[in-house]
Structures are given as C-alpha cells and as structure tokens.
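Heads up, the thing below is written out as structure tokens.
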Amino acid sequence: MINNFISRTRAVSQQRRLAAASSFKVSYLSQKTITKPSIIRYSTSNDNTVNSRMKSSLKEYIPGFLKRIQECNLGSEHLLTLTPLIVDGKIVAKLVPRSFNILKEFTDCFESSENSGPIGFLKFLPTFNTSDLRTKAVSKVTSKLRDRRVITGWRDELYPVSSAFREPPDFLLERAAVTFFGVKAYGVHVNGYVIRSPSTDLTEAMGKGNVAGSVGGEEKPRLRGREEDEEGLFQGSCKQDPIFMWVARRSKTKPTWPGMLDHIVAGGQPYNISCSANVLKECAEEAGMSDDLARLAHPVGIVSYENVDPNVGYKHDVLFCYDIQLPEDFTPTPMDGEVESFQLLPIQEVAKLVANLPDGTFKSNCCLVIVDFFIRKGLLSPDWPGYLDLVQGLRKA
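Numbering-wise (full-length UniProt numbering), the sequence shown opens with residue 1 and increments by one.
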C-alpha cells in the first residue's frame, strides 16, 4: 500500500509541474511579440564597383593577351616534321630535323631511321636497357654538344624524361638540353597577390616600403598606378584597385631571360620531389618565405604550350599554377641570387605590361599564367570577344 501511495503522489506532482509550465509559457508568449529571425546582409556594392572597374580596364587588353599566347605557340606548321625518340615502345621526345640529324651521328648511343619525320625514329642502342645506363650514355652526348656550343645555358640540373608525368623516368637529361631533345618539361609558377583593404591608403603603405618598390636593389620604393589613361581607368587608388601582384626581376646574370620580369616564385620541376615540395623549396630560396607562409600556396590548374623552332628544337611545357594570397605586411627578399628585385604592382598595370609587351619585360610563359589568373579571378568577362580563344589557347597539353 505504501508503494501505491508513493506512485500516486509522484503522478500528481508531475501533473502539477506540467500544468505550471504550460501556464508560464502561455503567459510569457502573450506578453512578447514573436518575430522571424533577421538575416544580416552585407553590402557588396564596393566590391561590385571594383570588379566592374577592373573588367572595363582589362577588356581592351584581350588582343594583347591573345598575342602572348600565340607567341608561345609558334611553329605549328613544323609539327609534322618531328621525329620521335622512342624508349621501350613509347614516344618520350620529339626531335626537329636539325636535332635528329645531329643525334644520329652518335652511333655509339643511338640507332635511327634514315629519314626524319613522324615515320622515322631515334632509339637508344639495345645495350642501354635501364634508366641509369641511358642517363649515363646521353650525358656523354650532351657534354659533347655543350663543348660544340650546340647546347648552351648549361644548368647542371637533371630533368626526368618519360612518356607521362610522374611515370618512372626512362632517363635523366640536363635541363639545358630539354628543348633540343624535344622533351615535355614541367614547372611550377606561383601567383603571389595581395588584396588591400579599401581603407588602406597607398601613401600610408608607402611608408612600409612595400608598394611597387624595388626590394633587394638600390631603387627606392615608388608609387605606381597613379597615372590615368584616356578613359580614366587607372586611378591608383586602393579603393578602386585592391588587387596587387608581386613581380620579380630576374638577375641579369641568369643564363636564360636575364633581367626580365617573372613571377614571385617559379621554377622547373625536378624529378625527385613533388610539385608542392618544389613550391615550398622555391618560395624559401627565391623569395625568403617562411614554410608556414609558403604552405598557403595552393594548386589551381595548369597552362601549357608548344613551340617548334627548326633551329632550336621542340618546346612543349606544362606549368602547374599555384596561387598564394600574401599578407599586406609581407615583403619578399631575394635569397639565391636568381632574383634582382621585387615589385608590388596594381593588377591593371600587370595587365598592361602583359598586353603591351615590349622586349625586356615579362618572360613569355609568365604571361600565360597571369592571363589564366585574370580568368579565374573573374576579371575577364566571357561575353567579350576573344574570351573563348584565351581559355582554349592556354591548354596545349
């Protein structure tokens, strides 16, 4: 009986608590107006103004961008004259007639068809049946060609040669000989850009010494982008031009493209490390970036091109593109002697330099990577004439 009494008491208490709670809820709601939760909307008018202004200023440069792409893809009429270099039944390189005729003289290394062209061939002798043996054999050939000044700009850097990227190399080849042999080469290019706060004033930033100044040289920081063109598109104000790009000036002692403008970080892809590891290495060696900062670089795609010069060779390059948004207070520092100085330029000025490229400015393949950056960042409209030609022209892999 005691148990039954306890059970009934607990039931009554529970009913009273529920009734009290219900009464409080009704009373509370009757005193309070219920509204839907508000949605906070951030104004994007300033961003839209910026993007609109950038687009209007870049539209006129599309013909120049197309010209840069064409300049990296010359000589297509000679493609049918190329002779394949074959290893284990795979085509690993393509030789212009001049290269073929020179290499077939090395009968202690190669065997060949009588004639050049797509139905001809060049092969290693059967005794060179491993990657190491082929590497040693071709090293003797390239050393002799260097002595004869056939191959110039020696780098003492080995590139892997294979029929596809990241396959085990069929042999390793001196980097300076890559175009002569017609080997597909790979590299990494990093777009280092800064997005400045609209409230940041250029003159204030000038005090930090990192706006379009020459770093690592004698030239003092200077204000760039203040000039106004005929349509008033270049205002030089951060409120209208928030995107800036770091640009490197190559050392005048470089064996290739000395003194020309380049990406903040770029380099060929060695055979023994990954692309990401290569980016980290180059960021430290070329721009003095910390490892933590360099890890912000992320892959965004590729650009590729092919160029046939009968007097030089077949150049077929694939560039892995990376973007890194750098903090406003970061200033790159030349570290390995390959870069003379750095400049931080408004993106419109970069576009102007690329489109109106005189001799001695941007290294040619950098232009393709930068145009790809413009496309991916939405700075070029797909409605403009030439847009599709740009997109298609950047991929020749």
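Each residue gets a CB set at the ideal place from its N, CA and C atoms; glycine is no exception.
For residue i: DSSP bridge partner residues
| i | result |
| --- | --- |
| A277 | Answer is none; A277 lacks a bridge partner. |
| A284 | In DSSP, A284 forms no bridge with anything. |
| D262 | A248 |
| V321 | This sequence places Cys at residue 321; Val is not what is there. The partner list for C321 (beta bridge, DSSP) reads H189 and G301. |
| Y159 | L173 |
| I69 | Answer is none; I69 lacks a bridge partner. |
| F110 | F124 |
| T256 | In the DSSP output, where bridge partners are listed per residue, T256 has none listed. |
| H316 | K184 and E306 |
Whole-number beta carbon distance between residue j and residue i, since they are thought to touch under 8 Å
| i | j | result |
| --- | --- | --- |
| V369 | L319 | 6 Å |
| K363 | S304 | With a Cβ gap of about 16 Å, K363 and S304 do not count as contacting. |
| I264 | V190 | 6 Å |
| D323 | V300 | 5 Å |
| V87 | F121 | With a Cβ gap of about 11 Å, V87 and F121 do not count as contacting. |
| L326 | V161 | Rounded, the Cβ-Cβ distance is 35 Å, inconsistent with contact. |
| G182 | A93 | 5 Å |
| N101 | S116 | 7 Å |
| E338 | G268 | At roughly 12 Å, the Cβ-Cβ gap does not stay under 8 Å, so E338 and G268 are not in contact. |
| D389 | L66 | 6 Å |
| V371 | L357 | Rounded, the Cβ-Cβ distance is 12 Å, inconsistent with contact. |
| L82 | L95 | 6 Å |
| L133 | V308 | The Cβ separation is near 30 Å, so there is no contact. |
| S99 | F180 | 5 Å |
Range of the contiguous beta strand (DSSP E) that encloses residue i
| i | result |
| --- | --- |
| I151 | Taken as a continuous stretch (DSSP letters only), I151 belongs to no beta strand (DSSP E), as it is neither H nor E. |
| residue 423 | Outside the modelled stretch of the chain, which goes from 1 to 397, sits residue 423, for which no answer is possible. |
| L379 | Counting along the chain, L379 falls outside any beta strand (DSSP E), and DSSP gives it neither H nor E. |
| L388 | Counting along the chain, L388 falls outside any beta strand (DSSP E), though it belongs to the alpha helix (DSSP H) covering Y387 to G393. |
| L85 | T83 to V87 |
Endpoints, the alpha helix (DSSP H) within which residue i is located
| i | result |
| --- | --- |
| P97 | P97 to L103 |
| I370 | S364 to R376 |
| D329 | From DSSP, D329 is part of no alpha helix (DSSP H); its letter is neither H nor E. |
| D291 | D291 to A294 |
Residue-level contact to chain C via CB, residue i, 9 Å cutoff
| i | result |
| --- | --- |
| K104 | Absent here is chain C; the protein component of the structure consists of one chain. |
| request: Please confirm if the segment 338-357 is in contact with the segment 238-258, defined as three or more CB-CB distances below 8 Å between the two stretches. | output: yes
| task | Determine contact between the segment 159-178 and the segment 134-148, defined as no fewer than three beta-carbon pairs at a distance below 8 Å. | result | Yes: at least three Cβ pairs fall under 8 Å.
| request: Say whether the segment 380-388 touches the segment 275-286, bearing in mind that this needs 3 or more beta-carbon pairs closer than 8 Å, one atom from each stretch. | output: no
| message | Between the segment 289-302 and the segment 61-74, can you find at least three pairs of beta-carbon atoms closer than 8 Å? | response | Here the segment 61-74 does not lie against the segment 289-302, with fewer than 3 beta-carbon pairs under 8 Å apart.
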